[in-house]
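Novice: This is the structure I have questions about; it appears just below.
In the numbering used here, the protein residues as written are 181 to 744.
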């Protein structure tokens, strides 16, 4: 189709020739070349680390004594984190024979020990299996069975959910805190543990992130070293272009030779989500950011604000639900939040009113949103600043090296303005779904275009999101597929039929509502329905609303008419 629309990066167009050559020319830090990746030509950066082990090594070389992982009790520097990670790697290899390609499953709340253990697995060439810390016991069993780990690491609260489970038979389990403490204690003061040196390939798997699918079962989106490193280089290039444009516009820079203060971000996004994972694997090491950890337990707005002021946090990353709650908290006006320069999201679209409210309440802050997912290591499009106010609903322009098309059901690219399935291609597109070639083939074509399942349109060089995976419910940044909840509901002996939809919520975006048809003569209450779902599914998937019906509307082909 001659008038088919495709988004490509245009950020370099605003640079003058000298700046463009300094960033993108031959031998420059962000020189781009086309190479064959897994059988398809893809744009990559010529000057790039070839595996994640080199990323952490580079961070230690540049900034060994800068703090990396910070809690109220302790701050670990980049050098100390690498030292601890190599010590844990030695224990994992010695105790459990962990080798390149083996899976190391981790299930825990966000904490420095999670980061250290994850880096230990990465440095061994093993694969992190990032189990969802909100899952119930049966859900954890499924994730463990699917990924087949050599060892399971976790905190006490989550390991308790697996007590007595047959999935643990023959699977070594290491409590996360004691493992890291023992590894650190085993290294004599003033010495360095031997760094792992097993060969690692760019396209070797590094991480499995679990993402729900339309089959109702989680799928293991498998990201390679290349995928994650490419995201980091794109983010760095975005920052470099922004700095050059700001300098050309006469924006004030740091005064004199004094370097700017070290940036900091709160580790608020779960580390089993792509945003939380990227914070400690890429953003921290690449940008020299401090990761400040909130106290264990449920996310708390007051603590978020307290730590922002205490640690001069420069970046907030989260979902719109969290930002609404921060703005409404009584401490928002009392805390000094002038250190915050950017507020970013990617888990859910911003309401236009939230963008306006944030910019009004936090003058000078840059609000950004984007379109990406686990399968693309979060990479796709990006919108920020005035663009979001000028074009409400946009998720931005294509990021460097990214291509975006909107296609019809036959896979034909559509022209501007027409709604279709959003498809993306870049070097961060994942390897596929772990042990699931059928699901992989359904979303990845031979040219490594990824079919997102999300629907949108392209207009004036911008991508606009129309819907999120048709039936998917987006509750506070968590993706919920109705079929998984529906399958659980109809397993109840007193329920004959069920349909689950998302209903609007002013803060969460959506909540789960279940339409339930009881069996003839059965008596079932809303509380019974909620309790039944909660036994096997995570709390955020439990219906907040239950409505009983005598029947459900169906099409002639047997599909529930959910719009009714």
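A virtual CB, placed ideally from N, CA and C, is assigned to each residue, including glycine. As the structure is a prediction and not an experimental result, all values here were calculated from the model.
Give the single residue among 262, 346, 295, 367 whose Cα lies nearest to the Cα of residue 334.
Specialist: When each option's Cα is compared against that of residue 334, the closest is 295.
Novice: Three-state secondary structure (DSSP) at residue 737?
Specialist: Confidence at residue 737 is low in this model, with a pLDDT of 44, below 50, so its placement is unreliable and no value can be given for it.
Novice: Grab the span of the alpha helix (DSSP H) containing residue 635 for me, first residue to last.
Specialist: Premise fails: residue 635 lies in the beta strand (DSSP E), 630 to 639, not in any alpha helix (DSSP H).
Novice: By a C-beta neighbour count over all protein chains shown, 10 Å radius and 16 as the cutoff for buried, is residue 183 buried or exposed?
Specialist: The residue is exposed, with fewer than 16 neighbouring Cβ atoms inside 10 Å.
Novice: If you count every other CB in all the chains shown that lies within 10 Å of the CB of residue 703, and 16 or more means buried, which is it?
Specialist: It is exposed - the Cβ of residue 703 has fewer than 16 other Cβ atoms within 10 Å.
Novice: So is residue 538 buried or exposed if we call it buried at 16+ other beta carbons inside 10 Å?
Specialist: That one is buried.
Novice: Per DSSP, residue 613 forms a beta bridge with which residues?
Specialist: 401.
Novice: Out of 465, 555, 559, state which residue places its alpha-carbon closest to the alpha-carbon of residue 258.
Specialist: Nearest option by C-alpha distance: 465.
Novice: Using 10 angstroms around the beta-carbon of residue 393, count the other beta-carbons present and answer buried if the total reaches 16, otherwise exposed.
Specialist: Because residue 393 sits at a pLDDT of 47, beneath the cut-off of 50, its placement in the model cannot be relied upon, and the following sentence gives the value as read from the coordinates. The residue is buried, with at least 16 neighbouring Cβ atoms inside 10 Å.
Novice: Helix, strand or coil for residue 349 per DSSP?
Specialist: In the structure shown, residue 349 sits in coil (DSSP, three-state: anything other than H, G, I, E or B).
Novice: Note down the Cα distance separating residue 209 from residue 330, rounded to an integer number of angstroms.
Specialist: Spanning the two alpha carbons is a distance of roughly 38 Å.
Novice: Put residue 606 into one of helix, strand or coil per three-state DSSP.
Specialist: Three-state result, residue 606: coil.
Novice: In terms of alpha-carbon separation, which member of 690, 424, 603 lies closest to residue 657?
Specialist: Minimum Cα distance to residue 657 is reached at 690.
Novice: Between the C-alpha atoms of residue 697 and residue 666, what's the straight-line distance to the nearest angstrom?
Specialist: So the alpha carbons of these two residues sit roughly 12 Å apart.
Novice: What residue range does the alpha helix (DSSP H) around residue 712 cover?
Specialist: Element bounds for residue 712: 706 to 714.
Novice: Give me the Cα-Cα distance between residue 503 and residue 213, rounded to the nearest whole angstrom.
Specialist: Distance between the alpha carbons of residue 503 and residue 213 is about 39 Å.
Novice: With a threshold of 8 Å on Cβ separation, who are the neighbours of residue 505 within its own chain once the five nearest residues in sequence on each side are excluded?
Specialist: If we look at residue 505 and ignore the five residues flanking it on each side, its Cβ neighbours are 481, 687.
Novice: Once you ignore the five residues that flank residue 646 on each side, which residues in its own chain have a CB closer than 7 Å to its CB?
Specialist: Here the set comprises 599, 635, 636, 637.
Novice: Can you give the Cα-Cα distance for residue 639 and residue 607, rounded to whole angstroms?
Specialist: Looking at the two C-alpha atoms, the distance is approximately 24 Å.
Novice: Assuming residue 411 and residue 400 form a contact by the criterion Cβ under 8 Å, report the distance between their Cβ atoms to the nearest whole angstrom.
Specialist: So it is not a contact: roughly 19 Å between Cβ atoms.
Novice: For residue 436, is the classification buried or exposed, using 16 other Cβ atoms within 10 angstroms of its Cβ as the cut-off for buried?
Specialist: Low confidence applies to residue 436: its pLDDT is 48, below 50, so where it sits in the model is not reliable, and the reading given next is rough at best. Result: exposed.
Novice: Nearest CA to the CA of residue 367: which residue from 271, 563, 248?
Specialist: The residue with the shortest Cα to Cα distance from residue 367 is 271.
Novice: By how many angstroms is the C-alpha of residue 247 removed from the C-alpha of residue 716?
Specialist: If you take the alpha carbons of residue 716 and residue 247, they lie about 40 Å apart.
Novice: When burial is assigned at 16 or more other CB atoms within 10 Å of the CB, is residue 215 buried or exposed?
Specialist: Residue 215 comes out exposed.
Novice: From this set, 472, 380, 631, which residue's C-alpha is nearest residue 249's C-alpha?
Specialist: The shortest Cα separation from residue 249 among 472, 380, 631 belongs to 472.
Novice: Would you tell me roughly how many angstroms separate the C-alpha atoms of residue 206 and residue 417, rounded to the nearest one?
Specialist: Going from the Cα of residue 206 to the Cα of residue 417 covers about 15 Å.
Novice: Any contact between the segment 484 to 503 and the segment 446 to 465? By contact I mean 3 or more CB pairs, one from each, below 8 Å.
Specialist: The segment 484 to 503 vs the segment 446 to 465: in contact.
Novice: Might you give, ordered along the chain, the residues of its own chain that have their beta carbon closer than 6 Å to the beta carbon of residue 530, omitting 5 neighbours on each side?
Specialist: Closer than 6 Å at Cβ, skipping near neighbours: 500, 549.
Novice: Less than 8 Å between the C-beta atoms of residue 660 and residue 692, yes or no?
Specialist: In contact: residue 660 and residue 692 (Cβ atoms closer than 8 Å).
Novice: Take residue 265 as the anchor and find which of 192, 601, 251, 304 has the nearest alpha-carbon.
Specialist: Cα-wise, what sits closest to residue 265 is 304.
Novice: Below 8 Å, can you find three or more Cβ-Cβ pairs linking the segment 542 to 561 to the segment 573 to 580?
Specialist: Judged by Cβ distances under 8 Å, the segment 542 to 561 makes contact with the segment 573 to 580, as three or more pairs qualify.
Novice: Quick check on DSSP: helix, strand or coil for residue 673?
Specialist: Here residue 673 sits in coil by DSSP.
Novice: Between the Cα of residue 487 and those of 456, 458, 448, spot the shortest distance and give me the residue it belongs to.
Specialist: When only C-alpha atoms are compared, the closest one is 448.
Novice: Ignoring anything shorter than 3 residues, give me the beta strand (DSSP E) runs that lie fully in the segment 454 to 507, in order along the chain.
Specialist: Counting whole runs of 3 or more residues, the segment 454 to 507 contains the beta strand (DSSP E) stretches 470 to 472, 495 to 497.
Novice: Do you know how far the Cα of residue 522 is from the Cα of residue 609?
Specialist: Spanning the two alpha carbons is a distance of roughly 26 Å.
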